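Each number in my numbering comes from the position in the sequence shown (counting from 1) with 113 added on.
Worksheet: the structure to be examined is printed underneath.
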Amino acid sequence: VSFYAAGSLADAGTPRLAYERKAHYAAEERASARGIEYFFFYYPPTYLFLCAAFALLPYLPAFLLFGSLTLFAYLLVTSAILEEKWGEVLVPLLAFPSVWWTFGIGQNSFLTAALFGGATLLLERRPGLAGVLFGALCTKPQFGLLIPIALVAGRHWRAFAGAALAVLVLVLLSAAVFGWESWQAFFGALSGSGSAYQTGAVDPAAFVNAFGAVLVLGGGVRLAYALQALLMIVAGAIVAFLWRRQPSLPLRAAVLASGSLIAAPVALFYDLVLGAVAAAWLIRESRKNGFPDWEKSILAALFILPLLVRPFGDVWHLPFAALAGLGLFALSAKRALQSPGALSAKEPAYALPFRPLPRR
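What follows is the structure, encoded as structure tokens:
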């Protein structure tokens, strides 16, 4: 309803009002019912294109069509990663709990996963197009923090250029269509968004990252921010190291997808659909190089954990969503670090601006 309300305001010629709570809430009530719980809108104006398109339909048809189309894109991409016909893997893909969270809430995690997974699929065959898909993630920019690091470390310059160009075009086009005022309103709303996450307006158990885990376990907001910042740095360093060393594409893609999930300052339990992309890449790699039984057990546990987020996360005071995200990144990084060549790959002569000291 948040997306639909923002789209209806954009269609009415007042896109900046999507970032003003009173007007946005009134649009949500018009779309659904009076007195509903308010759902904020902190997405950049680049996302308003999609919202405005679906808001041309009545609310319930728009809800169902948005969920169905983005789910179909997610199924196509993940089945392609697994190198299977999508009908043959339909049951396990649909059984992932975050799929039903996403569809039921009307969130856009299928779109995020489809863009991310599609970009990693095309990276080596169509790097320019892969970059465009990465750039399209500027509609949900918190999941793009590690992408430039990976592309630069891996020397994927065409993909980097494609991503930068896509972001530039989308930003300028949104400014031309919705006005620079919408961007000013977005940054104004974003500057005050922290209170929604610090004061419990968003359930801390729903977070996938260290920020939510600290709050669930009783830590303070400052400690939560500090550990989240540290996690972002660590995840970025691991992604940079592994993409520079060039293990297989499935392992690099799994590390980037899972790392982007936990590095994002805001990532909730439905965003674990992106984790399914990382898991699909791990399974693809395991078909070629084996999958120890204990790792299968861990992956199975991570598959189930999102089901426990609600209500068990509140009752038991355990960060199940964060455990799933962190566990998946740890498993992906471990596999990549232990892969042949990951620790012994030779650097090309132009890789560093200086020559490392020889080992004695």
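No residue lacks a Cβ here, since even glycine has one placed at the ideal position from N, Cα and C.
Source: prediction; values computed, not measured.
What first and last residue would you give for the alpha helix (DSSP H) that runs through residue i?
i	result
V352	334–358
T252	Note, T252: premise wrong, no alpha helix (DSSP H); not H, not E.
S115	115–124
L207	203–208
I396	386–402
F185	172–194
L369	362–376
P541	This structure does not reach residue 541, given that the chain is present from 114 up to 473, and the question cannot be answered.
V261	For the record, residue 261 in the displayed sequence is Pro; it is not Val. That run of the alpha helix (DSSP H) goes 260–266.
A279	270–291
A168	No alpha helix (DSSP H) contains A168, which DSSP labels as neither H nor E.
I417	406–417
L436	433–450
L421	Neither: L421 is in no alpha helix (DSSP H) and is coded neither H nor E.
G305	Neither: G305 is in no alpha helix (DSSP H) and is coded neither H nor E.
A140	134–144
L235	222–235
Excluding sequence positions up to five away, which residues of its chain have a Cβ less than 6 Å from the Cβ of residue i?
i	result
S231	Per the sequence shown, the amino acid found at residue 231 is Gly instead of Ser. Answer for G231: V190, L246, listed in chain order.
C164	F116, A119, G120
T252	T159, Y160
F179	F167
K459	Here the model assigns K459 a pLDDT of 44, short of 50, so the residue's position is not dependable and the matter cannot be decided.
R129	E294, S295, A298
R473	Summary for R473: the model assigns pLDDT 43, below 50, so the residue's position carries little reliability, and this model does not support an answer.
L340	A323, V327
D124	A165, A168
V379	Q255
A377	Q255, F256
Y187	F223, A226, A227
Checking contacts by CB at 8 Å: is residue i closer than that to chain D?
i	result
L285	Protein chains in the displayed structure number just one, and chain D is not present.
Looking at residue i: is its Cβ nearer than 8 Å to the Cβ of residue j?
i	j	result
F299	P158	yes
L420	L436	no
L161	A140	no
I194	L234	yes
L369	L387	no
A175	F167	yes
G440	I396	no
A319	L381	yes
L362	E408	no
A446	I351	yes
F324	G372	no
A276	L264	yes
L547	T183	Outside the displayed span of the chain (114 to 473) sits residue 547, for which this structure offers no information.
A266	L236	no
V321	G438	yes
Per DSSP, residue i forms a beta bridge with which residues?
i	result
F320	L381
If I measure Cβ to Cβ from residue i and keep anything under 8 Å in the same chain, skipping five residues before and after, which residues do I get?
i	result
A449	L355, P360, L364, R365, A367, V368, A455
S211	S222, F382, Y383, D384, L385, V386, G388, A389, P419
Y172	V114, Y117, A144, S145
A462	Bear in mind that a pLDDT of 33 at A462, under 50, signals an unreliable position, so the model cannot answer this.
F467	Caution is warranted here: a pLDDT of 33 is assigned to F467, below 50, making its placement in the model unreliable, and the coordinate value is therefore given only provisionally. Once the five neighbours on either side are set aside, F467 has no close Cβ partner at all.
A136	L122, T127, L130
P471	For P471, the predicted structure reports a pLDDT of 47, less than 50, and the residue's modelled location is therefore unreliable. A value from the coordinates is still provided. Correct list: empty, nothing qualifies.
G219	V114, F116, F176, F179, G180
Beta carbon of residue i: closer than 7 Å to some heavy atom of the ligand HEM?
i	result
G219	Of ligands this structure carries none, so the ligand HEM is not represented either.
Residues in its own chain within less than 7 Å of residue i by CB, not counting five upstream and five downstream?
i	result
F209	A389, F416
L336	V327
L465	Because L465 sits at a pLDDT of 34, beneath the cut-off of 50, its placement in the model cannot be relied upon, and the following sentence gives the value as read from the coordinates. Around L465: no qualifying Cβ.
How do the stretch 393–405 and the stretch 285–298 stand: do at least 3 beta-carbon pairs fall below 8 Å, yes or no? In this structure the stretch 393–405 does not lie against the stretch 285–298, because fewer than three pairs of beta carbons, one per stretch, are closer than 8 Å.
Is the stretch 324–339 in contact with the stretch 196–208, if contact means three or more CB pairs nearer than 8 Å? As far as the Cβ criterion goes, the stretch 324–339 does not touch the stretch 196–208, which means the pair count is below three.
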